[in-house]
Structure formats: structure tokens, C-alpha cells
Amino acid sequence: MSTSVANILLLVVFIVMIYFMMIRPQRKKDKEDREMRASLAVGDEVITIGGIIGKVTKITEKSVVVETGSGKNKIEFLKTAIASVSKSDAAKTEAKKEAPKEEAEEEKRPDRDKKVTPKKLTKKSDSEETK
């Protein structure tokens, strides 16, 4: 009789382990995904599960219209097809207002978008090379 109790206890322990190692983390991830999709806003940059990157232009109850590429192509996706979201510039500016320290650091950084034309190199003459 004690072996049957031990077997039942072992089975219960395995079920509890499976719950904490597999089921609970999956539920937590599903909840985070639902919250992420519910917080979508127009202007957010999204990446779909197919790898398409674009900006949200319209949101309906079940779908999202995403503008992609330089041709401003618009594609409609189900909300469940959105894999990740980067918040829009408006949300980023609100975050910057809360953190003025980061804003000061950004001003110190050089502007990498400027086009710089290199100076033309001239060949040194023989007299300059001997000096």
C-alpha cells in the first residue's frame, strides 16, 4: 500500500513541476503579448511575425494597417501577427521630458547624419618628402 501512495505522490510532484516549468511561463508570455497588442497606437513602429517592418497608420478592433517602405505601401494585418512594437515619437518625447539627463547626453553626441566630403589628397612633391 505504501508503494501506491508513493507512486501517486510522485505523479502529483511531476504534474506540479510541469505546471511551473511549462504552463505558467507560457501564460505569462501570452498575457504580455495581449497587453502589447492592446497598447498599439497610430505612429508606432512594428515588426510582424513575417519580418515586415512599418508604421501603424490605422487600428481597428482585430486588425492593423501598416505603412511599409519608401513607397508608402499599406498592408493590413491581424493584431495577432504583430511580433514587437517600438513606441512612436510622441511617446518617446514624453519619456525624454521625464529624463532630462539623457537629453543633455544626446546634445553632446556628434550628428552622424551630416554628409562629410573628404578632402582631396595631393601627392607630395620630392622636395617635401626629403624634409
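Each residue of the sequence shown is one higher than the one before, counting from 0 in numbering that gives the first Met the number 0. C-beta: ideal position from N, C-alpha, C; glycine also. No experiment lies behind these values; they were computed from the predicted model shown.
Review point. Are the Cβ atoms of L77 and V63 separated by less than 9 angstroms?
Key: Taking 9 angstroms as the Cβ cut-off, L77 and V63 qualify as a contacting pair.
Review point. Just to confirm, are S83 and I46 a CB contact at a threshold of 9 angstroms?
Key: Going by C-beta atoms, S83 is nearer than 9 angstroms to I46.
Review point. Does DSSP classify T59 as helix, strand or coil?
Key: In the structure shown, T59 sits in coil (DSSP, three-state: anything other than H, G, I, E or B).
Exercise for review: Keeping to the same chain, check which residues put their C-beta closer than 8 angstroms to that of S38; ignore five residues upstream and five downstream.
Suggested key: Contacts found: V84.
Check your understanding: If you check the beta carbons only, do A40 and K73 fall under 9 angstroms apart?
Key -> With respect to the 9 angstroms criterion, A40 and K73 are not classified as neighbours on the basis of their beta carbons.
Review point. Fully enclosed by the region 11–59, which beta strand (DSSP E) runs are 3 residues long or longer?
Key: The region 11–59 contains these whole beta strand (DSSP E) runs: 44–47, 52–58.
Exercise for review: Please go through the same chain and pick out, in chain order, the residues whose beta-carbon is closer than 6 angstroms to the beta-carbon of I52, but skip the five residues on each side of it.
Suggested key: Hits under 6 angstroms: I46.
Review point. In whole angstroms, what separates the C-alpha of D29 from that of K119?
Key: The alpha-carbon atoms of D29 and K119 are separated by roughly 58 angstroms.
Exercise for review: Return yes when the Cβ of I81 is within less than 9 angstroms of the Cβ of M35, no when it is not.
Suggested key: In contact: M35 and I81 (Cβ atoms closer than 9 angstroms).
Practice item. Could you check the C-alpha separation between D43 and K57 for me, to the nearest Å? Key: Their backbone Cα atoms lie some 10 angstroms apart in a straight line.
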